[in-house]
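See structure below.
Number of protein chains: 2
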Amino acid sequence: MLKEERQQTILNEVELHNRILLTDIAETLDVSIDTVRRDVKELDSEQKLRKVHGGAISLGFTTSSTRNTNIYALAEKTRIAEKALSLLKEGSVFFVDGGTTCLELARLIPADLELTCFTLSLPVAMELSSKPKVTVIFIGGQISKDAQISIGANAIHNLSEIKVDFSFIGTGYVDSQYGLTEFDWDIVQLKKAVIKSAKKTVLLCISEKLNSQHRYKTCDLNAINTMITELEPENDLLKSFRSHDIRLL
Amino acid sequence: MLKEERQQTILNEVELHNRILLTDIAETLDVSIDTVRRDVKELDSEQKLRKVHGGAISLGFTTSSTRNTNIYALAEKTRIAEKALSLLKEGSVFFVDGGTTCLELARLIPADLELTCFTLSLPVAMELSSKPKVTVIFIGGQISKDAQISIGANAIHNLSEIKVDFSFIGTGYVDSQYGLTEFDWDIVQLKKAVIKSAKKTVLLCISEKLNSQHRYKTCDLNAINTMITELEPENDLLKSFRSHDIRLL
DNA sequence: TCTATCAATGCAGTTTTTTGCAAGTTTTTT
DNA sequence: AAAAAACTTGCAAAAAACTGCATTGATAGA
Chain F
1 MLKEERQQTI LNEVELHNRI LLTDIAETLD VSIDTVRRDV KELDSEQKLR
51 KVHGGAISLG FTTSSTRNTN IYALAEKTRI AEKALSLLKE GSVFFVDGGT
101 TCLELARLIP ADLELTCFTL SLPVAMELSS KPKVTVIFIG GQISKDAQIS
151 IGANAIHNLS EIKVDFSFIG TGYVDSQYGL TEFDWDIVQL KKAVIKSAKK
201 TVLLCISEKL NSQHRYKTCD LNAINTMITE LEPENDLLKS FRSHDIRLL
Chain R
250 MLKEERQQTI LNEVELHNRI LLTDIAETLD VSIDTVRRDV KELDSEQKLR
300 KVHGGAISLG FTTSSTRNTN IYALAEKTRI AEKALSLLKE GSVFFVDGGT
350 TCLELARLIP ADLELTCFTL SLPVAMELSS KPKVTVIFIG GQISKDAQIS
400 IGANAIHNLS EIKVDFSFIG TGYVDSQYGL TEFDWDIVQL KKAVIKSAKK
450 TVLLCISEKL NSQHRYKTCD LNAINTMITE LEPENDLLKS FRSHDIRLL
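Chains F and R, in that order, give the protein sequences.
According to our numbering, the residues represented by the first sequence are 1 to 249, in order.
According to our numbering, the residues represented by the second sequence are 250 to 498, in order.
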């Protein structure tokens with residue numbers, strides 16, 4: 001049997017069953033395990049599959065990046081995400097909200113940091129599932145079509161059963177007087193549950209949203225421990241927030 | 250024997266068997282191995298076949314180029330998904346498993362059908378969230394990095410609290426005797442829970458997986474109500490499945 | 001007819017590739 | 001913490017590939 005043929009068979013098996021054992025392949029092809037090991041190593045370096053301890057797994061749809069290029073105010077959001085990253089330490093257990101700013105945070109999480117992350121957001125979960133050292137736990141529930149996040153009573157109930165070190169949340173509107181507000185009643189209920197399930201809450205928010213408000217209230221400003229904007233903490237736009245007991249980043 | 254003639258014979262053999270050994274050809278043509286080697290080298294440079302260590306393989310045999318970008322055996326999986334669609338009716342409440350075949354089913358769901366769909370799979374949930382009339386409920390849990398699905402005790406517990414009309418599931422391996430088997434213990438636990446939470450179970454499975462088995466057993470074949478392959482139900486490959494109480498599609 | 005030319009072929013010696021094995025280490029499981 | 005499985009590295013035998021060279025045989029031109 002030709003080497004090429006053998007590798008083709010291995011690829012086929014991986015594609016077919018998503019996952020294979022080296023020992024199984026060695027047996028069915030009737031070659032030594034070393035040969036299979038070498039073949040799989042080679043195919044791995046050619047990016048045709050992924051070698052894991054004891055076998056190999058298909059690349060499958062894991063590589064498809066859902067990168068949406070036209071995010072509004074991406075530069076600002078990236079700046080915010082970078083600042084937020086500095087709060088993460090090895091072993092942190094935290095929650096990440098939906099929204100493009102939080103998604104940006106998820107993207108920027110370094111590959112070598114061991115973390116445990118809870119989320120309600122499908123895109124965030126997808127993004128994080130590509131980071132080998134991050135444990136991702138998805139809070140289930142009915143999926144909201146616009147935001148691609150879990151909503152509803154089920155999601156809120158699931159949130160009530162966890163307690164994380166801190167959570168990164170976004171908001172529709174924020175005002176130093178009226179606190180965090182939203183357009184949507186369901187979302188407010190959800191955010192309340194998120195805040196309740198975290199020891200500390202970090203608000204990620206571009207400066208454009210400052211001093212705006214809407215119909216339904218999520219919480220007062222003192223429910224927030226840290227607020228991160230793309231501005232320097234000394235910036236005048238943040239003046240009205242400095243009177244509260246909030247750490248500005 | 251002329252050189253032209255010989256090379257034509259070599260090409261023939263390659264096309265016929267997809268691959269050849271240099272030593273075999275040398276023997277059947279009764280020329281030295283060096284001659285064959287030179288011929289094959291020449292044919293390779295003319296792009297008529299691909300020379301590899303020890304022999305040559307047909308150009309059509311190397312599917313590696315399309316493999317990374319496309320889903321393996323997409324045509325077959327699409328065919329299966331189409332058949333599965335015929336089971337869906339307005340108002341159906343059902344479950345969709347992970348895997349590329351089930352993802353294909355999610356893709357093909359028409360926009361005008363009102364449905365309620367439970368799933369564990371992030372890609373399936375993403376796909377379905379773009380269909381306005383489909384209510385999507387995601388079963389939360391820890392996210393498996395390979396498969397991008399919820400796994401673990403939490404997911405299984407969440408599954409135990411629902412009951413759907415039918416569920417579409419995939420499997421790693423299926424055999425008419427041994428039933429459905431998997432590579433992975435965790436996945437087996439999950440699939441058992443899925444089957445338990447559905448009134449009827451529909452297996453989506455490309456024919457290549459028929460008559461294969463692995464270590465851990467998900468269920469017997471009679472736990473499956475309907476089995477869908479890309480083949481016609483009358484096909485001989487399905488003969489051994491006809492003796493069971495299964496509807497073949 | 002004879003001979004120089006040249007592609008085609010086979011052979012011998014050397015190099016490269018492939019493969020399996022063994023010893024020692026790391027990782028995973030119990 | 002012990003045991004089992006998997007991995008790494010180095011090595012050696014075998015197969016295949018490459019190189020240079022000699023032989024063959026066909027062919028064109030003297």
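Note that CB positions come from ideal geometry on N, CA and C, so glycine has one too.
Q: Specify, as a first and last residue, the run of the alpha helix (DSSP H) that Phe-95 (chain F) falls within.
A: Note, Phe-95 (chain F): premise wrong, no alpha helix (DSSP H); beta strand (DSSP E) at 93-96.
Q: Can you tell me which of F:His-214, F:Gln-189, F:Phe-168 puts its alpha carbon nearest to the alpha carbon of Thr-181 (chain F)?
A: The option with the nearest alpha carbon to Thr-181 (chain F) is F:His-214.
Q: Look at the alpha carbon of Lys-51 (chain F) and the alpha carbon of Glu-15 (chain F), and state the distance between them as a whole number of angstroms.
A: C-alpha separation (whole angstroms): 13 Å.
Q: Quick one: grab the DSSP three-state call for Gly-348 (chain R).
A: In the three-state reduction of the DSSP assignment, Gly-348 (chain R) falls in the coil class.
Q: Measure the C-alpha to C-alpha separation of Phe-402 (chain R) and Gly-390 (chain R) and round it to an integer number of angstroms.
A: Per the sequence presented here, residue 402 (chain R) reads as Ala, with Phe not at that position. For Ala-402 (chain R) and Gly-390 (chain R), the gap between their C-alpha atoms comes out near 8 Å.
Q: Please decide whether Ser-257 (chain F) counts as near chain R, where near means a Cβ-Cβ distance under 7 Å.
A: This structure cannot speak to residue 257 (chain F), because chain F is shown only from 1 to 249.
Q: Would you list, in sequence order, the uninterrupted beta strand (DSSP E) runs of no fewer than 3 residues that lie entirely inside the segment 5-35 of chain F?
A: If we require 3 residues or more, the beta strand (DSSP E) runs fully inside the segment 5-35 of chain F come out as 19-21.
(Q) In the DSSP output, what is Tyr-178 (chain F) paired with across the bridge? (A) Partner(s): none; Tyr-178 (chain F) has no beta bridge.
Q.
Give me the DSSP bridge partner(s) of Tyr-216 (chain F).
A. Tyr-216 (chain F) pairs with F:Glu-182.
(Q) If contacts are defined as beta-carbon pairs under 8 Å, then Lys-200 (chain F) and Asp-165 (chain F) qualify, I think. What distance do you get, rounded to the angstrom? (A) Right, their Cβ atoms sit about 7 Å apart.
Q. Going by the CB atoms, is the gap between Ile-388 (chain R) and Ser-399 (chain R) shorter than 7 Å?
A. When the beta-carbon positions are compared, Ser-399 (chain R) and Ile-388 (chain R) come within less than 7 Å of each other.
Q | Nearest neighbour of Leu-334 (chain R), chosen from R:Leu-486, R:Ile-477, R:Gly-304 [CA to CA] | A | Answer by Cα proximity: R:Ile-477.
Q.
Could you tell me the alpha carbon to alpha carbon distance between Glu-276 (chain R) and Glu-353 (chain R), rounded to whole angstroms?
A. Straight-line spacing of the CA atoms in Glu-276 (chain R) and Glu-353 (chain R) works out to 49 Å.
Q: Could you check if Pro-110 (chain F) is buried or exposed, using at least 16 other CB atoms within 10 Å of its CB as the buried criterion?
A: An exposed status is given to Pro-110 (chain F), since fewer than 16 other beta-carbon atoms sit within 10 Å of its beta-carbon.
Q. Using a Cβ-Cβ distance under 7 Å, would Gln-296 (chain R) count as near chain F?
A. Output row for Gln-296 (chain R): interface = no.
Q) Is it right to say Glu-234 (chain F) is buried, meaning 16 or more other beta carbons lie within 10 angstroms of its own, or is it exposed? A) Under a 10 Å Cβ-count criterion, Glu-234 (chain F) is classified as exposed, with fewer than 16 other Cβ atoms of the shown protein chains found around its own Cβ.
Q: Inspect the beta-carbon positions of Arg-286 (chain R) and Glu-5 (chain F) and report whether they are closer than 7 Å.
A: 7 Å or more divides the Cβ of Arg-286 (chain R) from the Cβ of Glu-5 (chain F).
Q. Would a check of beta-carbon distances place Phe-168 (chain F) closer than 7 Å to chain R?
A. Output row for Phe-168 (chain F): interface = no.
(Q) By the DSSP assignment, the alpha helix (DSSP H) with Lys-131 (chain F) in it spans what residues? (A) Per DSSP, Lys-131 (chain F) belongs to no alpha helix (DSSP H) and is neither H nor E.
Q) Going along the segment 388-405 of chain R in order, which residues come within less than 9 Å of chain F, judged by CB to CB distance? A) Answer in chain order: Ile-388, Gly-389, Gly-390, Gln-391, Ile-392, Ser-393, Lys-394, Asp-395, Ala-396, Gln-397, Ser-399, Gly-401, Asn-403, Ala-404.
Q: Give the single residue among R:Thr-349, R:Val-280, R:Ile-282, R:Glu-295 whose Cα lies nearest to the Cα of Leu-260 (chain R).
A: Proximity to Leu-260 (chain R) across R:Thr-349, R:Val-280, R:Ile-282, R:Glu-295 peaks at R:Glu-295, based on C-alpha coordinates.
Q) Which partner residues does Leu-231 (chain F) have in the DSSP bridge list? A) Per DSSP, none; premise fails for Leu-231 (chain F).
Q: Quick one: list the residues of chain R neighbouring Asn-70 (chain F), beta-carbon separation under 7 Å, in chain order.
A: Ordered by position in chain R, no residue passes the 7 Å Cβ test against Asn-70 (chain F), which lies about 17 Å from the chain.
Q | Span of the alpha helix (DSSP H), counted from its first residue to its last, around Leu-156 (chain F) | A | Reading the sequence as shown, one finds Ile at residue 156 (chain F) and not Leu. Where Ile-156 (chain F) is concerned, the enclosing alpha helix (DSSP H) starts and stops at 152-160.
Q. With 16 other CB atoms within 10 Å as the buried threshold, where does Asn-235 (chain R) fall?
A. The structure shown has nothing for residue 235 (chain R), since chain R only spans 250 to 498.
Q) What's the C-alpha gap between Leu-298 (chain R) and Thr-258 (chain R)? A) In a straight line, the C-alpha of Leu-298 (chain R) is about 13 Å away from that of Thr-258 (chain R).
Q | Presumed contact (8 Å Cβ cut-off) between Leu-120 (chain F) and Ala-155 (chain F), rounded CB distance | A | Confirmed, about 6 Å.
Q: Output, in chain order, the set of chain R residues within a Cβ distance shorter than 9 Å of Asn-158 (chain F).
A: By Cβ distance, chain R contributes Gly-389, Asn-403, Asn-407.
Q | Residue-chain proximity (Glu-481 (chain R), chain F), Cβ-Cβ < 7 Å | A | Output row for Glu-481 (chain R): interface = no.
(Q) Is there a C-beta anywhere in chain F that falls below 7 Å from the one on Arg-287 (chain R)? (A) Not closer than 7 Å to any Cβ of chain F, the Cβ of Arg-287 (chain R) fails to qualify, so no.
Q | Thr-420 (chain R) - DSSP class collapsed to helix/strand/coil | A | Thr-420 (chain R): coil per DSSP, three-state reduction.
Q: With DSSP collapsed to three states, give me the class of Ala-147 (chain F).
A: Reduced to three states, the DSSP call for Ala-147 (chain F) is coil.
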